[in-house]
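Scroll down for the structure; my scribbles are underneath it.
In this note's numbering, the protein residues as written are 877 to 961.
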């Protein structure tokens, strides 16, 4: 159930930030079930990425040190890195 909600949310919101993804899925889950474990969300997310069902792009913004951020895209998205300098 959690995996399907994650995939649905990513497919409906290509390029969704990790923080927004967890919020959207959490709201959807709370409407469907009374209780769920937070670890289950992160395990499902990791499974979907490792199984290449969704794409995760990790990045670090200047000045944020080692704080890694993520953006998620639907399976099949063509991700390209363009040199800006």
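Every residue gets a Cβ at the ideal spot worked out from N, C-alpha and C, and that includes glycine.
Item: Residue 933 (DSSP reduced to helix, strand or coil); Value: strand
Item: As assigned by DSSP and simplified to three states, the class of residue 959; Value: coil
Item: Assumed close pair residue 930, residue 917 - CB separation to whole angstroms, cut-off 8 Å; Value: Not quite, the Cβ-Cβ distance comes to about 13 Å (not below 8 Å), so this is no contact.
Item: Straight-line gap, residue 915 to residue 959 (C-alpha atoms, nearest Å); Value: 37 Å
Item: DSSP state of residue 944 mapped onto helix, strand, coil; Value: coil
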